[in-house]
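To start, the structure under review is shown below, and the notes come after it.
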Amino acid sequence: MWRYFLEKLEKKKPINGLFLFFSSAILLILTLQLVDFFINLFFGLDNGNIQEKNNTIFSFLFFLITFIPIFLCVEFYRTKLDISRKKIVKLFTIAILVTTLNSFFIKSSLNILIQILIIDFGCLYFVFIISKIYSTNKFRWLGLKQISNSDIKYFFYYFLAWPPIILWGTIINYFDLEFFNSDYSKTIIESLNNNLIIIFFLACIVAPICEEIIFRGFVYKLINSKYTIKHAIIINSILFGIIHFDPSAIIPATILGLSLSIIRYKTKSVISTVIMHSLHNIFALIMTTQAL
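Residue numbers for the sequence shown follow the numbering used here, so the first one is 80 and each next one is one higher.
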């Protein structure tokens, strides 16, 4: 029975890679939260504020309890894929150290910038160490290769996403759907003190590079190796929408993901989707800042 179970797992190696990536990414986020709670609990709170301290303790315990099963998932899939524990521990050690320094020595206005960079580049690190299992040339396997002049015509597929995205925004405004109409983007911009240089760096450079390598590179490739190209396009687009969290962004991000996935399929390159994703975020940033 056990041998049969192991054989089934071996056949699902691409799926194991996906589970390891997402569980590792969640574990990284939980770890950063736990470090923040720990520092806040022992160094950042006024001892007289009992209510705030109790809330922090409760949150710390909640994240700690959540941490345990996610950690076990990482260990399970790491073992199945024969990935060294040292590689994962190395990243978490650096992340904890940087987060601690960030809390004590970095200006509060830059805290969110540092946290986003840790998570984004931490996820890329997971992508690269897992990709080594599937190919000796992980960059080519992920689709990180040059595009040709003949590929530019496929950029047209990006603009097919605009009509349904605009229609979705019109529906939300017309029916006043508050659940899907949030100020998430405005909140992020304000938390960065409206620093347009930092906002541009994160939204138009870091986000397109990291998200495209992860979704149109890693996730797309693993799903396509197990299922059809249609499954790869649809599933990675839905996951791309979900990770945006904000209800108002999930549907537009999913639609954008579909158009970028088609471009990825046509050009066989993630570089093309990075370019279009960056262009999209520049458009979105201009519209968001004008609305503030």
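Using N, Cα and C, we set each Cβ at its ideal position, and we do this for glycine too.
### Query
According to DSSP, is Leu-223 helix, strand or coil?
coil
### Task
Using the Cα positions of Ile-118 and Asn-228, report the straight-line distance between them to the nearest angstrom.
52 Å
### Query
Run through DSSP, which three-state label would Asp-199 get?
helix
### Task
Assuming Leu-109 and Ile-167 form a contact by the criterion Cβ under 8 Å, report the distance between their Cβ atoms to the nearest whole angstrom.
Not quite, the Cβ-Cβ distance comes to about 14 Å (not below 8 Å), so this is no contact.
### Query
Per DSSP, what kind of secondary structure is Ile-146 in: helix, strand or coil?
Checking the sequence shown, residue 146 turns out to be Phe, not Ile. Note: Phe-146 maps to helix in three-state DSSP.
### Given 8 Å, three or more beta-carbon pairs between the stretch 312-321 and the stretch 334-342
Contact annotation: the stretch 312-321 touches the stretch 334-342, with at least three C-beta pairs closer than 8 Å.
### Query
For Tyr-253, does the count of other Cβ atoms within 10 angstroms reach 16, so buried, or fall short, so exposed?
exposed
### Query
Can you tell me whether Phe-362 is buried or exposed, with buried defined as 16 or more other CB within 10 angstroms of its CB?
exposed
### Task
Tell me, please, whether the stretch 350-359 touches the stretch 217-233 by the rule of three or more beta-carbon pairs shorter than 8 Å.
yes
### Message
Quick check on DSSP: helix, strand or coil for His-356?
### Response
helix
### Query
Could you give the residue range of the alpha helix (DSSP H) that holds Val-168?
164-184
### Task
Could you check if Pro-242 is buried or exposed, using at least 16 other CB atoms within 10 Å of its CB as the buried criterion?
Looking at its Cβ environment, which holds fewer than 16 other Cβ atoms inside 10 Å, Pro-242 is exposed.
### Task
Can you tell me which of the three DSSP states Ile-250 falls into?
helix
### Task
Enumerate in chain order the residues of its own chain whose CB-to-CB distance from Cys-289 is below 8 Å, with the five nearest sequence positions on each side excluded.
Asp-199, Phe-200, Cys-202, Leu-203
### Task
Please work out which residues of its chain come closer than 8 Å, Cβ to Cβ, to Met-80, disregarding the five sequence neighbours upstream and downstream, and give them in chain order.
No answer about Met-80 holds up, because its pLDDT of 49 lies below 50 and its placement is not dependable.
### Query
Whose C-alpha, out of Glu-154, Phe-238, Ile-250, Leu-113, is nearest the C-alpha of Ser-182?
Leu-113
### Message
Starting from Ser-79, trace the alpha helix (DSSP H) in both directions and tell me its first and last residue.
### Response
Residue 79 is absent from the model: the chain starts at 80 and stops at 371.
### Among Leu-111, Ile-284, Phe-121, Thr-249, the one whose alpha carbon lies nearest that of Phe-142
Among Leu-111, Ile-284, Phe-121, Thr-249, the Cα nearest to that of Phe-142 belongs to Leu-111.
### Query
Under a three-way DSSP split, which group does Ala-363 fall into?
Correct three-state label for Ala-363: helix.
### Message
On the criterion of 16 or more Cβ atoms from any shown chain inside 10 Å, does Thr-178 qualify as buried, or is it exposed?
### Response
buried
#### Entry: Status (buried if at least 16 other CB within 10 Å, exposed otherwise) for Ser-327
buried
### Task
Report the rounded CA-to-CA distance for Leu-239 versus Pro-331, giving the unit in angstroms.
12 Å
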